[in-house]
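Student:
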Amino acid sequence: MKYLDCFRFLAARRTDELVVTSAGNSGQAWWAATRDSERSFYLDASMSLSTMFASGLAAALPQKRVWAFMGDGAFCMNPGMLMVERQMNLPNLVHLLVSNRAYGATSNAPLPNVEANDYVAIARGCGLSRAHKFASVAELERGFDAAVEKGHSFVVLEVEPFSAEEQKLEQPPFDGPEMKYRFARALERDTGVSVIGYRL
Amino acid sequence: MDQASGAVKRTEVARRIADELAGCGVKLVASLPDNWISELLVHLEGDQRFRHVPVNREESAIGLCAGAYMAGLGSAAVMGASGFMTCIYAITKINYSYEIPLLLVMTLRGAFGDHHKHHISNGLYLQPVLQAIDLPYVIVSRAEELGEIGRAYKHSRTFARPTAVLLTRELLR
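Chains as they are written, first to last, in our numbering: chain A, 2 to 201; chain B, 19 to 191.
1. By alpha-carbon positions, which one of B:Trp54, B:Ile118, B:Gly165 and B:Asp152 ends up nearest to B:Glu38?
2. When you compare the CB of A:Phe184 with every CB in chain B, is at least one pair closer than 8 Å?
3. If you measure beta-carbon to beta-carbon, which residues of the segment 81 to 109 of chain B are closer than 9 Å to chain A?
4. Quick check: the Cα distance between A:Lys65 and A:Met89, rounded to an integer number of angstroms?
5. Chain A beta carbons: is any one of them nearer than 8 Å to that of B:Glu76?
6. Once the 5 residues before and after B:Glu63 are set aside, which same chain residues still bring their CB inside 6 Å of it?
7. Consult DSSP for A:Lys3 and reduce its assignment to one of helix, strand or coil.
8. So with CB distances below 9 Å, who are the chain D contacts of A:Pro92?
9. Going along the chain, which residues of its own chain have a beta-carbon closer than 8 Å to the beta-carbon of B:Tyr107, five neighbours each way excluded?
10. Going by CA-CA distance only, name the one from B:Gln149, B:Asn74, B:His61 and B:Arg33 that's closest to B:Gly101.
11. Under a three-way DSSP split, which group does B:Thr181 fall into?
12. Nearest to B:Ile80 by alpha carbon, out of B:Gln149, B:Ser56 and B:Ala182?
13. Taking 8 Å as the CB-CB limit, is A:Met53 close to chain B?
14. Under the rule that 16 or more other beta-carbon atoms within 10 Å means buried, what is A:Ala124, buried or exposed?
15. Terminal residues of the continuous alpha helix (DSSP H) containing A:Thr192?
16. From A:Cys7, A:Ser195, A:Met53 and A:Phe42, pick the residue whose C-alpha is nearest to that of A:Ala34; which is it?
17. Tell me B:Met97's beta-bridge partners as DSSP assigns them.
18. Quick one: what's A:Ala96 bridged to in DSSP?
19. Tell me where the beta strand (DSSP E) around B:Tyr87 begins and ends.
20. Give the residues of chain A in contact with B:Leu59, contact being defined as C-beta atoms less than 7 Å apart.
21. How many angstroms separate the CA atom of B:Ala150 from the CA atom of B:Thr176?
22. If contact means a Cβ-Cβ distance below 7 Å, which residues of the segment 113 to 124 of chain B contact chain A?
23. Specify the secondary structure class of A:Ala24 as computed by DSSP and reduced to three states.
24. For A:Glu150, count neighbouring Cβ atoms within 10 angstroms of its own Cβ and tell me buried if that reaches 16, exposed if not.
25. Among the candidates B:Thr104, B:Glu188, B:Tyr143 and B:Ser93, whose CA atom is the shortest distance from the CA of B:Phe130?
26. How about B:Leu184 and B:Met124: are their beta carbons less than 8 Å apart?
27. Just the chain B side, please: which residues come within less than 9 Å of A:Ser70 by C-beta, in chain order?
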């Protein structure tokens, strides 16, 4: 499916979930689909750590659902993260693996072993029973809600790599500290937690 | 020091480190092992004040603690010196770019008293690397100095970046 069509579908399905994007195209696509600047954390240049970051959020806020995007390029760098996720077994965490079969942020450079990688099988091999794959918007419409309804879920989204035109999509336009404060202040307002340590 | 009294001392030091962490509000500890902190990790695993998360690599600890901070949960990353040396990208990209505090507790491998030759690299480069990335740290060699853990934690919040406590062989043996 088209990368942006997938993200527009997810943006429409989102209710109050916190969202973490990964380095590369997922931040561009989520920004294009939502323009959300408070309840999404654009974790640029995180190289495989977006779901660990999201696990920290989810552990701290069991009452909030957390979606974390990760490209399959990042996934290849640190697949052992699934062992940590399984061990933590956070019922409010959804790991969304965006499988474009390329290093999308670096001009779609080739990914190792790209034809054979079976991400759902890897996840199941780590003990994640709620592992699903969607290759079209029609499949998402039929099965996405059930896939993420409850429990720690691992969802593979098979998408086409960004086209040359899509690569020009705007990056989320935040300096790091602005991202931190926008997200933290919104979370403080929504949940009452203290993040920064002082209130305005 | 004989074996029995050494074991008692290590257990007591582990308990005091845990008390210091709990005292500054740490509730989640992400760790990877180092022989010098074996007793500490056993203690953390059984200490109900913490959610102890053994991770697959040290960078995962950096990501996990950053997320915990962003939701108001006190955390610390505990690791060996070698593990820290694999984390420079994660720390500088996540903690420095977004100004996210982090308390690192790690071993001072490769210093005087470490007889393992494979830690020569840490002896040569651990502290120069910390200095090169402007990461404030304190070396703790005696149990009486363990209050530095709380001070380092608080300073990381003021400084809005990571701070580190380096534990020596003298403290941990």
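Don't be surprised by glycine CBs; every beta carbon is placed ideally from N, CA and C.
Tutor: Taking the geometry as given:
1. What you label residue 38 of chain B is simply residue 20 of the second sequence in a count that begins at 1. Taking only the C-alpha atoms, the option nearest B:Glu38 is B:Gly165.
2. Reading the first sequence from its first residue, position 183 is the one you call residue 184 of chain A. Closer than 8 Å to some Cβ of chain B, the Cβ of A:Phe184 qualifies, so yes.
3. Going along the segment 81 to 109 of chain B in chain order, one finds Gly81, Leu82, Cys83, Ala84, Gly85, Ala86, Tyr87, Met88, Ala89, Gly90, Leu91, Ser93, Tyr107 and Ala108 with a Cβ nearer than 9 Å to chain A.
4. For the purposes of this step, residue 65 of chain A is taken as residue 64 along the first sequence, with counting starting at 1. For the purposes of this step, residue 89 of chain A is taken as residue 88 along the first sequence, with counting starting at 1. Distance between the alpha carbons of A:Lys65 and A:Met89: 16 Å.
5. Taking the second sequence and counting its residues from 1, one reaches residue 76 of chain B at position 58. Between B:Glu76 and chain A, the shortest Cβ-Cβ separation is not below 8 Å.
6. The sequence position of residue 63 of chain B within the second sequence is 45, counting from 1. Around B:Glu63, the same chain offers His70 as residues with beta carbons nearer than 6 Å, after the five sequence neighbours per side are excluded.
7. As a first step, residue 3 of chain A must be located in the first sequence, where it is residue number 2. The three-state secondary structure of A:Lys3, taken from DSSP, is coil.
8. The structure shown contains no chain D; the protein chains it does contain are A and B.
9. Within the second sequence, numbered from 1, the residue matching residue 107 of chain B stands at position 89. Its chain contains Glu77 as the residues whose beta carbon lies nearer than 8 Å to that of B:Tyr107, once the 5 sequence neighbours on both sides are disregarded; these appear in chain order.
10. For the purposes of this step, residue 101 of chain B is taken as residue 83 along the second sequence, with counting starting at 1. Out of B:Gln149, B:Asn74, B:His61 and B:Arg33, the CA that lies nearest to the CA of B:Gly101 is found in B:Asn74.
11. Position 163 of the second sequence, counting from 1, holds the residue named residue 181 of chain B. Note: B:Thr181 maps to strand in three-state DSSP.
12. Mapped onto the second sequence, residue 80 of chain B falls at position 62. A check of alpha carbon separations from B:Ile80 across B:Gln149, B:Ser56 and B:Ala182 identifies B:Ala182 as the nearest.
13. Locating residue 53 of chain A in the first sequence gives position 52, where the first residue counts as 1. Chain B places a beta carbon closer than 8 Å to that of A:Met53, counting this residue as a contact.
14. Start at 1 with the first residue of the first sequence, and residue 124 of chain A comes out as number 123. With 16 or more Cβ atoms within 10 Å of its Cβ, A:Ala124 is classed as buried.
15. The residue labelled residue 192 of chain A in the question sits at position 191 within the first sequence. That run of the alpha helix (DSSP H) goes Gly177 to Thr192.
16. Residue numbering aside, residue 34 of chain A sits at position 33 when the first sequence is read from its first letter. Nearest option by C-alpha distance: A:Cys7.
17. Taking the second sequence and counting its residues from 1, one reaches residue 97 of chain B at position 79. DSSP output for B:Met97 lists B:Met124 as bridge partner(s).
18. Position 95 of the first sequence, counting from 1, holds the residue named residue 96 of chain A. In the sequence on display, residue 96 of chain A carries His and not Ala. Note: A:His96 is bridge-paired with A:Ala69 and A:Phe155 in the DSSP secondary-structure output.
19. On the second sequence, residue 87 of chain B is found 69 positions in, with the first residue counted as 1. In this chain, B:Tyr87 is not harboured by any beta strand (DSSP E); it is covered by the alpha helix (DSSP H) spanning Glu76 to Met88.
20. Counting from one through the second sequence, the residue named residue 59 of chain B turns up at place 41. One finds nothing in chain A with a Cβ atom closer than 7 Å to the Cβ of B:Leu59; even the nearest lies about 15 Å away.
21. What you label residue 150 of chain B is simply residue 132 of the second sequence in a count that begins at 1. What you label residue 176 of chain B is simply residue 158 of the second sequence in a count that begins at 1. Roughly 20 Å separates the two Cα atoms.
22. Going along the segment 113 to 124 of chain B in chain order, one finds Ser115, Tyr116, Glu117 and Ile118 with a Cβ nearer than 7 Å to chain A.
23. Numbered from 1 along the first sequence, position 23 holds the residue referred to as residue 24 of chain A. For A:Ala24, the three-state secondary structure derived from DSSP is coil.
24. Indexing the first sequence from 1 puts residue 150 of chain A at position 149. Exposed, because fewer than 16 other Cβ atoms sit within 10 Å of the Cβ of A:Glu150.
25. In the second sequence, counting from the first residue as 1, residue 130 of chain B sits at position 112. Checking every option, the nearest Cα to that of B:Phe130 belongs to B:Glu188.
26. Position 166 of the second sequence, counted from the first residue, corresponds to residue 184 of chain B. Position 106 of the second sequence, counted from the first residue, corresponds to residue 124 of chain B. Cβ distance < 8 Å, so B:Leu184 and B:Met124 count as in contact.
27. Taking the first sequence and counting its residues from 1, the one referred to as residue 70 of chain A is at position 69. With the sequence shown as reference, residue 70 of chain A is identified as Phe, and Ser is not the correct amino acid for it. Within 9 Å Cβ-Cβ: nothing; A:Phe70 doesn't reach chain B, min ~14 Å.
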